[in-house]
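A.B. asks:
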Amino acid sequence: MRIARSLVVLSSLLIGSEHALAQEVTVAGSVPALASSLVRNHYVQTYAIDSRPDHPLRSVQLSSTDFDAFLIVVSPEGSAQSDDESGGDGNARLQIAPRTGEWLIVVTAYELRRPGRFTLTVDGPSPVPANRPLPRAAIEHLPGAEPTRAAAPAQARVDTVRLTKVDTVTVMRVDTVLVTRVDTVVRRPRPAKSGPAPR
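Sequential numbering of the sequence shown, starting at 2, is according to my numbering.
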C-alpha cells in the first residue's frame with residue numbers, strides 16, 4: 002500500500018515538473034540597426050505576451066553575447082520595470098507577479114546604438130513580435146533616460162508702470178512666455194456739466 006502511494010506521489014511530481022518545463026519558451030532574435038527601431042539612441046525589439054489565468058507569465062530572461070542585455074517589461078496596467086544584471090554575466094532577468102492581460106517585453110542594449118543577437122527565455126506563454134511605439138513608461142526606463150519631471154511652476158508676471166504724463170499711464174507686461182506687451186491708458190477729463198453759470 003505504501004509503495005502504491007509513493008508511486009502516485011512520484012508520478013504527480015513528474016507530471017508537475019513536466020508542466021513547469023513545458024511553460025518555459027526560448028526565442029532567438031536580434032535587435033536590428035534600423036531607424037524605425039531607434040528610441041532615444043537605443044535600438045529596441047518588442048514582444049507581446051498574453052498572460053492568462055491558466056498560463057500566466059512568471060519570468061523573463063534576456064541573454065546576449067553581442068551586447069550588455071537590458072530588459073524592460075510593461076504590465077497590462079502600463080507600469081514598467083527594468084533590469085540589467087540579475088541574470089548574471091551581463092544578462093537580465095525579471096520575476097513577474099502573475100497578472101492576466103497583455104504584457105509588453107522590450108529588448109535593448111545598455112550601450113547606445115548597439116544592435117545584435119539575443120535569446121529571450123520566458124516562463125509563460127510564447128512571446129509574439131510586436132511592431133508598436135513604446136509607451137512612455139518603457140521609454141523612461143531606457144538606459145540613461147531621465148524620468149519625466151513635474152512641470153515648473155509658472156513665473157509671476159512682472160508689471161512695470163511708467164508715468165510719462167500726468168494723464169497717461171504705460172504698463173509693460175512680461176508674461177511666462179516672455180512676450181512683452183505695452184498698454185497705454187489715457188485718462189481724459191470728463192466734460193463739464195451744463196448748468197447755471199456761477200455768480
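Glycine is no exception: its CB is placed at the ideal position from the N, C-alpha and C atoms.
Expressed to the nearest angstrom, what Euclidean distance is found between the alpha-carbon atoms of I73 and Q62?
C.D. replies: 10 Å
A.B. asks: Can you list, in chain order, the residues of its chain with a C-beta nearer than 6 Å to that of N43? Leave out the 5 residues immediately preceding and following it.
C.D. replies: At residue 43 the sequence reads His, which differs from the Asn that was named. So the list reads T109, L143, once near-sequence residues are dropped.
A.B. asks: Just to confirm the assignment: which complete beta strand (DSSP E) runs, minimum length 3, are found wholly within the region 68-97?
C.D. replies: 70-75, 81-84, 93-96
A.B. asks: State the start and end residues of the unbroken beta strand (DSSP E) segment that holds R118.
C.D. replies: 117-124 is the extent of the beta strand (DSSP E) around R118.
A.B. asks: Pull up the distance between the alpha-carbon of T122 and that of A36, whole angstroms please.
C.D. replies: Their Cα atoms are separated by approximately 26 Å.
A.B. asks: Which residue or residues does DSSP assign as beta-bridge partners of I50?
C.D. replies: W104
A.B. asks: Just verifying my parser: in three-state terms, what is the DSSP assignment at S65?
C.D. replies: In this structure, S65 counts as coil in the three-state DSSP scheme.
A.B. asks: Near D124, which residues of its chain fall below 7 Å by C-beta distance, leaving aside the five closest residues on each side in sequence?
C.D. replies: Q24, E25, R59, S60
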